[in-house]
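Novice: One structure, pasted below without further comment.
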Amino acid sequence: MSAVWRASRAAVRRRRLQTSVIAVVVLVSSMALVVALGLLDVVSGPFDRLFGQARGAHVVATFDAAKVPAAQVARTAHRPGVRGAAGPFPQAVVDLPRSVADELPGMGTGPVTVVGRADPGGPVDRLDLFAGHWATGPGQLVLALPDAPGMGTGPHSPLGKRIQLPGLAPLTVVGLASSVSGTAQAWVSPEQIEALHPTAYQMLYRFDRAATPRQITAGTTAVTTGLPSGSLVAHQSYLTLKAQIASQPNAFVPFLMAFGILGLLVAVLIVGNVVSGAVVSGFRHIGVLKSLGFTPNQVVAVYLVMVCVPATVGAAVGTALGAVVARPLLHQVFQGAELGTVNVAPTVGSWVYVSTALGMPAVVVLAALIPALRAHRLSAARAISAGSAPGGGRGLKVQRWLTGARLPRSVTLGLGLPFARPGRALLTVSAVLLGVATVTFATGLATTMVSYGDAVEGAGRLQVVVWRGEARFGQSVPHHDDVAAQTLLRGLPQAADVSAVGFADVRLLGQSQGVTIQGAREGRSVLQDDLARGRWMRARGEVVASGKFLSKHGVSLGDSFTLGAADGRTERVTLVGEVMSGPADMMRADWSTLTALAPGAQANQYWVRLSPQADTAAYMKAVRAADPGLDPSAQTSVNAGAMTVIGSASALTLMLSVVAAMGVFNTVVLSSRERRRDLGMLKSIGMTPRQVTVMLVVSMAGLGLIGGILGLPLGVAAYRVVIPLTESSAHLALPDRMLDVWHPGSMALLALAGVAIAALGAVLPARTAAQQTIARVLHTE
């Protein structure tokens, strides 16, 4: 083994260029893989870990207390397939007044689910009581809030505050807790809940089998079998909650995984190319080793160790750099994500680093094994007598055929060079192919994300948002009423259209969680550009919502459902359209639908579209002069998510293109070394250094053109696969116009990207080979 190690170490030192190529290729590929695997781990890891620690509920079920008694609900805990259960807990829904919501950070107005629970522990949904103590008597309340810095002990902590609900005795906030299952917004003692007039029972279930929606449905059906019809008012699966939490980072997983796979394939191809060239160019070295007593297996071991050393170094450095690159990216895509009410900090599991640092060298060794086996089969005599230059065969036939072409001789010679080594040419074409596929995929992705970001952010439609001041916030109150303010804003110079926007807190009947309805009065040209499917609302009772809303509440286009307001008003609405993006608890409607649920509703903001070439600053100055109670702000059109996708895709595309170019670089170096005698003879009969450079660059440019043409459909196919996965995992909806990104002109340029990658990788070694003198080249032979 010591002899193998000494021979391998000598080969590493002698083949510095090939060693460097392997190390850099593995380094860049390792960086891309760490980012992709890290994001995948961050998306799924924290939820599963915290959910298991807190024994979260697979299903949170709400039963109508008027239709089924508590004792019958309690017996469902013993149904087959139920691993654990908690409850029944009496549940009430109360409307939180605006005056109370303003005093409680993190709590909104509208319906709030309050549950009577004796303690925060139990077999299912163990609450994290991170501040204060549990509600053990009358007049005490525990709020469900995120465990954020300063929430429990800071100056804005709600601990100790008294809440006055209509018709009830005051309640004092004595504790703050968080639930990974999102079971309630507040808890009181079982004695206190009776004063809130509970109308339902809450049961929390953990099933033996709950990995898929079908298993969740089967478990829910099993526990509700035999109960009175209509007694199950609502139920929430933990899979829905998990999908909502991971929807933002999940948007990045498909395309980053695509880059990771492409990077891995490029690394395998180029390493195989490098090692194959090392074996072919080292025939004499192999013969010497065998004549010195090295067995065939030892010769193979020499070449495997030769590639394993730089691969290990490259994987280690690439993993470390990948960790540095991944950290800010993961924080950006995961910013603001919460597990129920538990804030999450993105941390990458150690398995990602271990798998990359150990897996990449293993992949390199496997890629090197096939060409290294050629060294196993060569006899010592054959290896020593074999020249390093390729023989004749099809290469000479192609050269003779190209002789008749009306092209410069340096060009025809270059076009014929790859046919002398068809295996190496195939590997080079494959590397360029993947590089072009990456560029094509990234171009389509960036085009779509720019269009998406412009539509969501209102680029070209929404330039100014004007807020109405409110006295309760210490702001100046507008002199104009709601309608008059909209008329004023529309009448100011440079205003093209104005939409008045107001909000009301409502709830879907049958569900305890509140939702917000956004009503718009006039100004349709400001609103309608982000519609993805269906149509915009045209009359009262029609609403549109985002894919996140559809996923969370289990509705689809064309469904009808009833909305309930705090004062008992109800309105039957129909979902007629899906917008590209938006909150999971908000829907949009026209003004008549909003006022049907909240008759006194007024707009609290106005969305303004200015005329072309308008001066935004001048318009805002005019608004302030007309009414100091109207506060305008410029609307920026920068979508952070789109910019993250584009920036990440650009960086990864650049890395993989450099890797592909390095593969071409290595091929030209091997070809020029193998053909030292040929190059010397060509220069001796009059070929200039520039012609030699052209010949070697053209040999790779031809392969680059083939790789570019073949890489286009692969890149388009990757785009067609990744975009639907992104839409599904992130609950986005993209209209067809945003997916139409391929045009003849752009496709032609992308095909030429293969030529550019190959030419850039070939030009430096080609010029180096061309500058060698005739005497030096022939002397080495």
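Read in order, the letters of the sequence shown are residues -17 to 763 in our numbering. Each residue gets a CB set at the ideal place from its N, CA and C atoms; glycine is no exception.
#1: Below 8 Å on the Cβ atoms is my contact criterion, and I expect residue 74 with residue 221 to pass it. Report the Cβ-Cβ distance as a whole number of Å.
#2: Between the Cα of residue 217 and the Cα atoms of 207, 208, 202, 211, which residue gives the shortest distance?
#3: Going straight from the alpha carbon of residue 169 to that of residue 123, what length do you get?
#4: May I ask you to list the residues that DSSP assigns as paired with residue 524?
#5: Hey, quick one: how far does the beta strand (DSSP E) through residue 479 stretch, first residue to last?
#6: Can you name, in chain order, every residue of its own chain whose Cβ lies under 7 Å from the Cβ of residue 670, other than the five neighbours on each side?
#7: Give the secondary structure of residue 670 by DSSP, where H, G and I count as helix, E and B as strand, and everything else as coil.
#8: In the structure shown, what three-state DSSP assignment does residue 0 receive?
#9: Cβ atoms of residue 286 and residue 350: under 7 Å apart, would you say?
#10: Taking all protein chains shown into account, decide if residue 824 is buried (16 or more other Cβ within 10 angstroms of its Cβ) or exposed.
#11: Are residue 689 and residue 736 touching if we call contact CB-CB under 7 Å?
#12: Tell me whether residue 352 is buried or exposed, calling it buried when 16 or more other Cβ atoms sit within 10 Å of its Cβ.
#13: DSSP three-state label for residue 464, please.
#14: State buried or exposed for residue 319, treating a residue as buried only when at least 16 other CB atoms are found within 10 Å of its CB.
#15: Can you check whether the C-beta of residue 71 is within less than 7 Å of a C-beta belonging to chain E?
#16: For residue 543 and residue 505, what's the separation of their Cα atoms in angstroms?
#17: Please identify the residue among 146, 107, 119, 608 whose C-alpha is closest to the C-alpha of residue 468.
#18: Using a Cβ-Cβ cutoff of less than 8 Å, which residues in the same chain neighbour residue -6 once the five nearest sequence positions on both sides are dropped?
#19: Could you tell me the alpha carbon to alpha carbon distance between residue 606 and residue 581, rounded to whole angstroms?
#20: On the CB-based measure, 16 or more other CB atoms within 10 Å of its CB, does residue 300 come out buried or exposed?
#21: Counting along the chain, where does the beta strand (DSSP E) carrying residue 197 start and finish?
#22: Whole angstroms is fine: what's the gap from residue 535's alpha carbon to residue 472's?
#23: So, for residue 647: in the same chain, excluding its five sequence neighbours on each side, which residues have a beta-carbon less than 8 Å away from its beta-carbon?
#24: Could you give the residue range of the alpha helix (DSSP H) that holds residue 529?
#25: Measuring CB to CB, does residue 525 end up less than 7 Å from residue 569?
#26: Using the Cβ count rule (16 or more neighbours within 10 Å means buried), how would you classify residue 705?
#27: Taking the alpha-carbon of residue 732 as reference, which of 713, 753, 686 has the nearest alpha-carbon?
#28: By the DSSP assignment, the alpha helix (DSSP H) with residue 172 in it spans what residues?
#29: Just confirm the distance between the C-beta atoms of residue 697 and residue 430, as a whole number of angstroms; I'd bet it's less than 8 Å.
#30: Spatial neighbours of residue 553 within its chain, please: C-beta separation below 6 Å, excluding the five flanking residues on both sides.
#31: Are the CB atoms of residue 556 and residue 522 nearer to each other than 7 Å?
#32: Which two residues bound the contiguous beta strand (DSSP E) that contains residue 509?
#33: Contact between the stretch 100 to 112 and the stretch 159 to 167: three or more CB pairs below 8 Å?
#34: Can you look up residue 46 in the DSSP assignment and give me helix, strand or coil?
#35: With which residues is residue 682 paired in a DSSP beta bridge?
#36: So, are the CB atoms of residue 508 and residue 589 less than 7 Å apart?
Specialist: So, from the listed chains and residues:
#1: Translated into positions along the sequence shown, residue 74 becomes position 92. Translated into positions along the sequence shown, residue 221 becomes position 239. Their Cβ separation, rounded to whole angstroms, is 27 Å, which puts residue 74 and residue 221 out of contact at 8 Å.
#2: The count along the sequence shown starts at 1 and reaches residue 217 at position 235. When only C-alpha atoms are compared, the closest one is 202.
#3: Position 187 of the sequence shown holds residue 169. Position 141 of the sequence shown holds residue 123. Near 6 Å, if we compare the C-alpha coordinates of residue 123 and residue 169.
#4: Here residue 524 refers to the residue found at position 542 of the sequence shown. Beta-bridge pairing links residue 524 to 556.
#5: What you label residue 479 is simply residue 497 of the sequence shown in a count that begins at 1. Run containing residue 479: 477 to 490, per the beta strand (DSSP E) assignment.
#6: Here residue 670 corresponds to residue number 688 of the sequence shown, with the count starting at 1. The beta carbon of residue 670 is closer than 7 Å to none in its chain, skipping five residues each way along the sequence.
#7: What you label residue 670 is simply residue 688 of the sequence shown in a count that begins at 1. Coil.
#8: Here residue 0 refers to the residue found at position 18 of the sequence shown. If DSSP states are grouped into helix, strand and coil, residue 0 belongs with the helices.
#9: Locating residue 350 in the sequence shown gives position 368, where the first residue counts as 1. Locating residue 286 in the sequence shown gives position 304, where the first residue counts as 1. In contact: residue 350 and residue 286 (Cβ atoms closer than 7 Å).
#10: Any answer about residue 824 is impossible in this case: the structure gives the chain only from -17 up to 763.
#11: In the sequence shown, the residue the question calls residue 689 occupies position 707. In the sequence shown, the residue the question calls residue 736 occupies position 754. Going by C-beta atoms, residue 689 is nearer than 7 Å to residue 736.
#12: Here residue 352 refers to the residue found at position 370 of the sequence shown. The Cβ neighbour count for residue 352, taken over all protein chains shown within 10 Å, is under 16; the residue is labelled exposed.
#13: Along the sequence shown, read from residue 1 onward, the residue named residue 464 stands at position 482. Residue 464: helix per DSSP, three-state reduction.
#14: Here residue 319 refers to the residue found at position 337 of the sequence shown. For residue 319, the pLDDT reaches just 44, beneath the cut-off of 50, and the residue's location in the model is therefore unreliable, although a value from the coordinates is still provided. Counting C-beta atoms within 10 angstroms of its own C-beta, residue 319 has 16 or more neighbours from the protein chains shown and is therefore classed as buried.
#15: Protein chains in the displayed structure number just one, and chain E is not present.
#16: Taking the sequence shown and counting its residues from 1, one reaches residue 543 at position 561. Taking the sequence shown and counting its residues from 1, one reaches residue 505 at position 523. Roughly 27 Å separates the two Cα atoms.
#17: Locating residue 468 in the sequence shown gives position 486, where the first residue counts as 1. For residue 468, the closest of 146, 107, 119, 608 by C-alpha to C-alpha distance is 608.
#18: Along the sequence shown, one-based indexing puts residue -6 at 12. Once the five neighbours on either side are set aside, the close Cβ partners of residue -6 are 1, 288, 291, 292.
#19: On the sequence shown, residue 606 is found 624 positions in, with the first residue counted as 1. On the sequence shown, residue 581 is found 599 positions in, with the first residue counted as 1. Taking the straight line from one Cα to the other gives about 29 Å.
#20: For the purposes of this step, residue 300 is identified with residue 318 of the sequence shown, where counting begins at 1. Burial call: buried.
#21: In the sequence shown, residue 197 corresponds to position 215, counting from 1. Taken as a continuous stretch (DSSP letters only), residue 197 belongs to no beta strand (DSSP E), being part of the alpha helix (DSSP H) at 195 to 206.
#22: What you label residue 535 is simply residue 553 of the sequence shown in a count that begins at 1. What you label residue 472 is simply residue 490 of the sequence shown in a count that begins at 1. Answer to the nearest angstrom: the Cα atoms are 37 Å apart.
#23: If you number the sequence shown from 1, residue 647 lands on position 665. In the same chain as residue 647, and ignoring 5 residues on each side of it, the C-beta atoms closer than 8 Å to its own belong to 3, 743, 744, 746, 747, in chain order.
#24: Translated into the one-based positions of the sequence shown, residue 529 becomes position 547. From DSSP, the alpha helix (DSSP H) with residue 529 extends over 529 to 535.
#25: Looking up residue 525 in the sequence shown gives position 543. Looking up residue 569 in the sequence shown gives position 587. Result yes, Cβ atoms of residue 525 and residue 569 sit closer than 7 Å.
#26: One-based indexing of the sequence shown puts residue 705 at position 723. Looking at its Cβ environment, which holds 16 or more other Cβ atoms inside 10 Å, residue 705 is buried.
#27: Translated into the one-based positions of the sequence shown, residue 732 becomes position 750. Distances from the alpha-carbon of residue 732 to those of 713, 753, 686 put 686 closest.
#28: In the sequence shown, counting from the first residue as 1, residue 172 sits at position 190. Taken as a continuous stretch (DSSP letters only), the alpha helix (DSSP H) holding residue 172 covers 172 to 175.
#29: For the purposes of this step, residue 697 is taken as the residue at position 715 of the sequence shown. For the purposes of this step, residue 430 is taken as the residue at position 448 of the sequence shown. Taking a contact as a CB-CB distance under 8 Å, the pair residue 697 and residue 430 does not count as one, their CB atoms being some 13 Å apart.
#30: One-based indexing of the sequence shown puts residue 553 at position 571. Once the five neighbours on either side are set aside, the close Cβ partners of residue 553 are 545, 578, 579.
#31: What you label residue 556 is simply residue 574 of the sequence shown in a count that begins at 1. What you label residue 522 is simply residue 540 of the sequence shown in a count that begins at 1. Not a contact, by the Cβ cut-off of 7 Å.
#32: What you label residue 509 is simply residue 527 of the sequence shown in a count that begins at 1. Per DSSP, residue 509 belongs to no beta strand (DSSP E); it is in the alpha helix (DSSP H), 506 to 509.
#33: Contact holds: three or more Cβ-Cβ distances are below 8 Å.
#34: Within the sequence shown, residue 46 is the residue found at index 64, counting from 1. In the three-state DSSP reduction, residue 46 falls in the strand class (E or B).
#35: Stepping through the sequence shown from its first residue, residue 682 is reached at position 700. DSSP, once it has assigned bridges, lists no residue as partnering residue 682.
#36: As a first step, residue 508 must be located in the sequence shown, where it is residue number 526. As a first step, residue 589 must be located in the sequence shown, where it is residue number 607. Contact: yes.
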